[in-house]
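Structure record follows, encoded as structure tokens.
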Amino acid sequence: MRNIKNITKPSSDDSALTYSELNFAAASQNSTVRTRAEPETTYAQIAVKSQRTEQNPGSEATPGKDQNKQETAGGNYSKKSRCLGLVAILLIISLFAITIGLTIYVLQVRREFSEAIEQQRTLRERGDALNRSLTLSLRNISELSLVNWNLSLNVSDYRQRASSLCTILRNLSETLCPSGWKFHDQKCYRFSEDEMSWEKAKGECKFQNSHLLIINTEQEKDFVTQSMPDQSKQYLIGLTDRESEGNWKWVDGTPMNPAHWLPKQPDNHNNEDCGTFSKQYLGDTFGCNDVPCSWKFHFICEKPSLSCIGEADFE
């Protein structure tokens, strides 16, 4: 390769290169290793540049066009600067908005976290209260179980005592009530063998320090039903409305429980102002019935037993 240095302007003789010399320069250029960072200038390149200068002699004499190009380049640079500034402003606004959003989100998360901690504390307190309540309930259950066990023992003991009392009462019934009288619930009952009117029956009971039967409870009613010598007969009892028609009372002045009447009674047939205790006609129900006071029936007397035996007597 032919190196050319310090050449300011090629001569006309030098510009006329042959085809072989150009080929030689190109071949040498491809085979030679460059040792410098900047490329070396060949003669052919200088010649080509010189020819281009000669062909365009007016290019260097047009400074106005270069100035326009510089102004156009400056305008383009100004537009690019404005675009870059606008992008920068948009980025700053976006970053500011993102920062505000993140701040709000962090505050919201912090508030929710605080609320969650408060709820957890409340739930823990409730759990502790439930645990205390459960512990107390278990203790109460244990105590109640012990009380129940003690009561079971007491019930068994009371059953034995009740059995003994029944035996004692059966043995004492003849002593507590006169002969011919039946004992029940600290009372004595007598079912007459003869028949009388209601007024005479009342006097007979009074003569024996008693009164005509007064039914106070269902248990007493059941006892009288089971103790009747003849359940097909009617027995006069201490029930009347002679003082006030339709206002039935016992001989002690207490009102009668209407539930003790037989069905469809009282009917006040034939001026019926006195009461009897009997079985329903064509039925199995026992209860009270109204009858004329002058009619004669068997009667039932009642009085307290001679002595009262309470639970304290057997302690």
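Residue numbers (full-length UniProt numbering): 1 to 315. Here a beta-carbon is modelled for each residue, glycine too, at the ideal position from N, C-alpha and C. Given the structure is predicted, the values throughout are model-derived calculations rather than measurements.
For G203, the first and last residue of its enclosing alpha helix (DSSP H):
Element bounds for G203: W198 to F207.
Taking Cβ to Cβ, would you say D290 is nearer than 8 Å to P266? yes
Grab me the residues of I237's own chain with a C-beta within less than 8 Å of its C-beta, minus the 5 sequence neighbours each way, in chain order. L212, L213, I214, I215, G275, T276, F277, C288, F299 and I300
On a Cα-Cα basis, can you pick out the residue from D252, Q231 and P229 that is closest to L239? D252
Check: By Cβ distance, which residues of its chain are closer than 8 Å to K249, with the 5 residues on each side in sequence left out?
Finding: L239, T240, D241, E243, P255 and M256
Note to self: Just to confirm the assignment, what range does the alpha helix (DSSP H) spanning V224 have?
What the structure shows: Residues E218 to S227.
With 16 other CB atoms within 10 Å as the buried threshold, where does D185 fall? Of the residues assessed, D185 falls on the exposed side of the cut-off, its CB having fewer than 16 other CB atoms within 10 angstroms.
| query | For A259, is the classification buried or exposed, using 16 other Cβ atoms within 10 angstroms of its Cβ as the cut-off for buried? | reply | exposed
Review point. Which term fits W149, buried or exposed, when burial requires 16 or more other beta carbons within 10 angstroms of its beta carbon?
Key: exposed
Open item on the list: Using 8 Å for Cβ pairs, my map puts E199 next to C293. What's the rounded Cβ distance?
Closed with: 7 Å
Could you tell me which of G246, F286 and L262 sits nearest to D273, measuring between CA atoms?
-> G246
Task: Residue interval of the beta strand (DSSP E) (run including K303) - done: H298 to P304
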